[in-house]
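Residue numbers (my numbering): 53 to 246. Where is the CB? At the ideal position from N, CA and C, for every residue including glycine. Model, not experiment: these values are computed from the prediction. Read through the structure below, which is laid out as structure tokens, and then see the notes.
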């Protein structure tokens, strides 16, 4: 067998225009993919921020709706103290709904929303606002007042059922739960008005 030649430098591949063009195209494509990835990440972050802002706005609106409904309960209780046993438990639930929407409106940052007072100061602020501004008008007849509350509960439950389709998961579940509770309140109030 003949001896093997001594190892030497390897021959370099011949660089052709085709090879240079193909490698240049591959590098340009890779840089474009990286750029698209950065753009899509930024777009995803913007979309997530917009969704969080919309959810926070929806939560704040729902909290205000619950606060308005609480004011209706307060006005009805003031006009008809004999309805206390019927209305107090329902009012307490509406207040808890507002607090739940306030908590959802704070979002991931944990900072209080500007429209949402803390639960303790919220009650005091709500009472002060109720005494400072004229509250909802209440019918002088108890049954008519109960029917008006039932109608308000029903309208709000329907509204919440409509908007929950645009809400993110957890907020949609909260809206659905509170809408169901509102429908139950409307039923109880309607039955009490008979």
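Margin query: Distance check for residue 212 and residue 190, CA to CA, integer angstroms please.
Written below: Here residue 190 refers to the residue found at position 138 of the chain shown. Here residue 212 refers to the residue found at position 160 of the chain shown. Cα-Cα distance, rounded: 24 angstroms.
Checklist line | Residue closest to residue 112, alpha-carbon to alpha-carbon, out of 223, 229, 246 and 201 | finding: If you number the chain shown from 1, residue 112 lands on position 60. Nearest option by C-alpha distance: 223.
Notebook entry, point to check: If we ignore side chains and look at the alpha-carbon of each, how far apart do residue 93 and residue 106 end up?
Noted result: As a position in the chain shown, residue 93 is number 41, starting the count at 1. As a position in the chain shown, residue 106 is number 54, starting the count at 1. Straight-line Cα distance between these residues: approximately 20 angstroms.
Item checked: Simplified DSSP assignment, three categories, for residue 55 -> Translated into positions along the chain shown, residue 55 becomes position 3. Reduced to three states, the DSSP call for residue 55 is coil.
Margin query: If distances are taken between C-alpha atoms only, which option among 203, 153, 216 and 214 comes closest to residue 239?
Written below: By 1-based counting over the chain shown, the position of residue 239 is 187. Residue 239 has its Cα closest to that of 203, out of 203, 153, 216 and 214.
Item checked: Residues near residue 139 by beta carbon distance below 7 angstroms, same chain, minus five either side -> Looking up residue 139 in the chain shown gives position 87. Here the set comprises 125, 128 and 129.
Check: Looking at the structure shown, is residue 93 part of a helix, part of a strand, or coil, going by DSSP?
Finding: Translated into positions along the chain shown, residue 93 becomes position 41. DSSP places residue 93 in helix when its eight states are reduced to three.
Note to self: In whole angstroms, give me the CA-to-CA distance for residue 152 and residue 145.
What the structure shows: Looking up residue 152 in the chain shown gives position 100. Looking up residue 145 in the chain shown gives position 93. When rounded, the separation of the alpha-carbon atoms in residue 152 and residue 145 is 10 angstroms.
Notebook entry, point to check: Are the beta-carbon atoms of residue 236 and residue 227 separated by less than 8 angstroms?
Noted result: Numbered from 1 along the chain shown, position 184 holds the residue referred to as residue 236. Numbered from 1 along the chain shown, position 175 holds the residue referred to as residue 227. No; because the gap between Cβ atoms is not below 8 angstroms, this pair is not in contact.
Note to self: Between the alpha carbons of residue 232 and residue 241, how many angstroms are there, rounded?
What the structure shows: Sequence index remark: in the chain shown, residue 232 carries index 180 (1-based). Sequence index remark: in the chain shown, residue 241 carries index 189 (1-based). Cα-Cα distance, rounded: 14 angstroms.
Check: Thinking C-beta only, is residue 122 closer than 8 angstroms to residue 30?
Finding: Only positions 53 to 246 of the chain appear in the structure, and residue 30 is not among them; the question remains open.
Check: Do you know how far the Cα of residue 98 is from the Cα of residue 119?
Finding: For the purposes of this step, residue 119 is identified with residue 67 of the chain shown, where counting begins at 1. For the purposes of this step, residue 98 is identified with residue 46 of the chain shown, where counting begins at 1. Their backbone Cα atoms lie some 31 angstroms apart in a straight line.
Item checked: Simplified DSSP state of residue 172, which is helix, strand or coil -> Translated into positions along the chain shown, residue 172 becomes position 120. With a pLDDT of only 43 at residue 172, under 50, the local geometry of the prediction cannot be trusted, and the value read off the model is given with reservation. Helix.
Notebook entry, point to check: Going by the CB atoms, is the gap between residue 104 and residue 157 shorter than 8 angstroms?
Noted result: Residue mapping note: residue 157 aligns to position 105 of the chain shown, counting from 1. Residue mapping note: residue 104 aligns to position 52 of the chain shown, counting from 1. With contacts defined as CB atoms closer than 8 angstroms, residue 157 and residue 104 fail to qualify as a contacting pair.
Notebook entry, point to check: Looking only at C-alpha atoms, which of 234, 137 and 225 sits nearest to residue 210?
Noted result: As a working note, residue 210 is residue 158 in the chain shown. Minimum Cα distance to residue 210 is reached at 234.
Item checked: Which listed residue (108, 193, 188 and 136) has its alpha carbon closest to that of residue 247 -> Missing from the structure shown is residue 247; the chain here goes from 53 to 246 and no further.
Margin query: Here's the rule I'm using: 16 or more other beta-carbon atoms within 10 Å means buried, otherwise exposed. How should residue 230 be labelled?
Written below: Along the chain shown, read from residue 1 onward, the residue named residue 230 stands at position 178. Classification of residue 230: buried, given that the 10 Å Cβ count is 16 or more.
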